[in-house]
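Novice: Heads up, the sequence shown is in our numbering, so the first residue is 6 and it goes up one at a time.
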Amino acid sequence: MPTGPLVQHTEVCLVGAGPRGFSVLERICAQERKSPLWDRVSVHVVDPGPPGAGRVWRPAQSPHLLMNTVASQVTVYTDDSVCIRGPLEEGPSLYEWARALGRGALAPGPATPCEPEVLAEARALGPDSYPTRALYGRYLAWAFAQVVAGAPEHVVIRVHRVRAVALAEDEDAGATVRGAGAQTVVLEDGTRLSGLSAVVLAQGHVPVRPGEQEAELGRFADRHGLFYVAPANPADVDLSPIAPGQDVLLRGLGLNFFDYMSLLTQGRGGRFERSGRRLVYRPSGREPRLHAGSRRGIPYHSRGDNEKGAHGRYRPRLLTAGHV
Numbered sequence: 006m007p008t009g010p011l012v013q014h015t016e017v018c019l020v021g022a023g024p025r026g027f028s029v030l031e032r033i034c035a036q037e038r039k040s041p042l043w044d045r046v047s048v049h050v051v052d053p054g055p056p057g058a059g060r061v062w063r064p065a066q067s068p069h070l071l072m073n074t075v076a077s078q079v080t081v082y083t084d085d086s087v088c089i090r091g092p093l094e095e096g097p098s099l100y101e102w103a104r105a106l107g108r109g110a111l112a113p114g115p116a117t118p119c120e121p122e123v124l125a126e127a128r129a130l131g132p133d134s135y136p137t138r139a140l141y142g143r144y145l146a147w148a149f150a151q152v153v154a155g156a157p158e159h160v161v162i163r164v165h166r167v168r169a170v171a172l173a174e175d176e177d178a179g180a181t182v183r184g185a186g187a188q189t190v191v192l193e194d195g196t197r198l199s200g201l202s203a204v205v206l207a208q209g210h211v212p213v214r215p216g217e218q219e220a221e222l223g224r225f226a227d228r229h230g231l232f233y234v235a236p237a238n239p240a241d242v243d244l245s246p247i248a249p250g251q252d253v254l255l256r257g258l259g260l261n262f263f264d265y266m267s268l269l270t271q272g273r274g275g276r277f278e279r280s281g282r283r284l285v286y287r288p289s290g291r292e293p294r295l296h297a298g299s300r301r302g303i304p305y306h307s308r309g310d311n312e313k314g315a316h317g318r319y320r321p322r323l324l325t326a327g328h329v
């Protein structure tokens with residue numbers, strides 16, 4: 006980073022507009038607001054998903070898919086609990102945002118949700134509730150819009166709702182940015198973003214090419230007329246070919262198992278009813294028959310109730326920071 010007179014212009018590209026890429030954008034704006042380093046900053050935000058939320062946290066997904074963190078412990082803003090060199094810029098946690106949304110205290114705008122089902126979830130959300138991923142996506146989209154609207158005048162943000170397909174050094178071998186080689190990002194629509202002084206790869210969870218094992222399972226399914234789903238984000242999978250009562254093998258008992266179980270039970274109209282201190286499942290009749298297993302054969306433990314608030318931490322007795 007330059008420490009002398011302001012450099013005239015810098016241009017950067019953030020590949021990925023989910024929470025990671027959004028956090029980088031927020032820090033750029035915060036830093037340039039407090040201690041500008043450039044006369045003009047151009048920031049390209051590249052992601053086919055909604056900016057702020059990205060693909061994983063997009064609002065358009067099943068309400069049966071939940072976060073695994075309670076609402077009061079989720080935020081994209083900084084406060085005095087964060088140890089960073091840059092300026093602190095506070096904002097609402099997911100829980101505080103939901104309370105304001107439910108009360109109608111947020112200013113109307115294109116990124117402020119107004120759907121009845123969203124408002125109902127916001128009003129019912131408690132500090133120790135597990136929000137839907139869709140609600141978190143709406144929070145991220147709202148926060149992204151706030152950061153863009155409040156960006157310093159010399160920071161220009163351009164959103165590209167398309168995939169990045171290539172990254173390379175600029176074709177002009179002599180092209181440099183502050184003595185370093187400039188870079189080019191090529192987008193799926195043919196756009197070339199050249200003269201970049203920095204490229205941040207913030208894709209998060211990216212799809213992987215099927216390995217030989219997945220390919221063989223796919224061929225086996227084709228030979229026998231079966232429906233095979235390779236490892237993927239369950240929110241991206243079309244489960245409609247699975248008929249009611251059909252036998253389904255769920256291979257693995259990790260986090261994706263619980264997503265599929267929810268989508269194929271509650272997502273098919275089943276519901277849980279409380280009976281004393283127990284929950285009783287009432288099937289809809291549209292569920293398949295699930296057979297689940299893994300190499301260990303042990304599912305994850307359920308999450309216990311949060312009793313330490315938003316900032317509480319357990320004090321270790323043996324595995325302290327000094328020992329670890």
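The beta carbon of each residue, even a glycine, is placed where N, CA and C say it ideally should be.
Which of helix, strand or coil does DSSP assign to TRP62?
Specialist: The residue given as residue 62 occupies position 57 in the sequence shown. Correct three-state label for TRP62: coil.
Novice: Within 10 Å of its beta-carbon, does PHE277 have 16 or more other beta-carbons around it, so buried, or fewer, so exposed?
Specialist: Translated into positions along the sequence shown, residue 277 becomes position 272. With fewer than 16 other Cβ atoms within 10 Å, it is exposed.
Novice: If contacts are defined as beta-carbon pairs under 8 Å, then VAL79 and TYR141 qualify, I think. What distance do you get, rounded to the angstrom?
Specialist: Here the question's residue 79 lines up with position 74 in the sequence shown. Here the question's residue 141 lines up with position 136 in the sequence shown. Indeed, because the Cβ distance is near 7 Å, the residues count as touching under 8 Å.
Novice: Just the C-alpha distance for PRO249 and ARG291, rounded to the nearest angstrom, thanks.
Specialist: As a position in the sequence shown, residue 249 is number 244, starting the count at 1. As a position in the sequence shown, residue 291 is number 286, starting the count at 1. Cα to Cα, PRO249 sits roughly 5 Å from ARG291.
Novice: Tell whether a beta-carbon distance below 7 Å holds between LEU260 and ALA297.
Specialist: What you label residue 260 is simply residue 255 of the sequence shown in a count that begins at 1. What you label residue 297 is simply residue 292 of the sequence shown in a count that begins at 1. Not closer than 7 Å, so no.
Novice: Could you have a look at PHE277 and say whether DSSP puts it in helix, strand or coil?
Specialist: If you number the sequence shown from 1, residue 277 lands on position 272. Note: PHE277 maps to strand in three-state DSSP.
Novice: Specify the secondary structure class of HIS229 as computed by DSSP and reduced to three states.
Specialist: Start at 1 with the first residue of the sequence shown, and residue 229 comes out as number 224. Three-state result, HIS229: helix.
Novice: In this structure, how does DSSP classify ASP85 when only helix, strand and coil are distinguished?
Specialist: Sequence index remark: in the sequence shown, residue 85 carries index 80 (1-based). Note: ASP85 maps to coil in three-state DSSP.
Novice: Go through its chain and collect everything with a Cβ distance to MET72's Cβ below 8 Å, but skip five positions before and after it.
Specialist: Walking along the sequence shown from the start, residue 72 turns up at place 67. The answer, listed in chain order, is VAL79, TYR135, PRO136, THR137, ARG138 and TYR141.
Novice: Roughly how many whole angstroms lie between the Cα atoms of THR270 and VAL123?
Specialist: In the sequence shown, the residue the question calls residue 270 occupies position 265. In the sequence shown, the residue the question calls residue 123 occupies position 118. Cα to Cα, THR270 sits roughly 22 Å from VAL123.
Novice: Inspect the beta-carbon positions of GLY275 and PRO293 and report whether they are closer than 7 Å.
Specialist: Position 270 of the sequence shown, counting from 1, holds the residue named residue 275. Position 288 of the sequence shown, counting from 1, holds the residue named residue 293. No, the pair does not count as a contact, with Cβ atoms beyond the cut-off.
Novice: In terms of DSSP beta bridges, what is ALA169 paired with?
Specialist: Residue mapping note: residue 169 aligns to position 164 of the sequence shown, counting from 1. Looking at the DSSP assignment, ALA169 forms a beta bridge with LEU192.
Novice: Mark HIS316 as exposed unless 16 or more other C-beta atoms lie within 10 angstroms of its C-beta, in which case mark it buried.
Specialist: Counted from its first residue, the sequence shown places residue 316 at position 311. Exposed: under 16 other Cβ atoms inside 10 Å.
Novice: For ASN311, name the three-state secondary structure that DSSP assigns.
Specialist: Here residue 311 corresponds to residue number 306 of the sequence shown, with the count starting at 1. Coil, per DSSP.
Novice: Counting C-beta neighbours from all protein chains within 10 Å, is the total for VAL170 16 or more, i.e. buried, or is it exposed?
Specialist: Taking the first residue of the sequence shown as position 1, residue 170 is located at position 165. It counts as exposed.
Novice: Just to confirm the assignment, what range does the beta strand (DSSP E) spanning GLY200 have?
Specialist: The residue given as residue 200 occupies position 195 in the sequence shown. Counting along the chain, GLY200 sits inside the beta strand (DSSP E) bounded by residues 197-201.
Novice: List the whole-angstrom C-beta distance separating LEU30 from VAL51, where the pair is believed to meet the contact cut-off of C-beta under 8 Å.
Specialist: In the sequence shown, counting from the first residue as 1, residue 30 sits at position 25. In the sequence shown, counting from the first residue as 1, residue 51 sits at position 46. Not quite, the Cβ-Cβ distance comes to about 12 Å (not below 8 Å), so this is no contact.
Novice: Out of LEU99, SER98, THR83 and TYR100, which has the shortest C-alpha to C-alpha gap to PRO92?
Specialist: Working through the sequence shown from its first residue, we reach residue 92 at position 87. Comparing alpha carbon positions, the residue from LEU99, SER98, THR83 and TYR100 closest to PRO92 is THR83.
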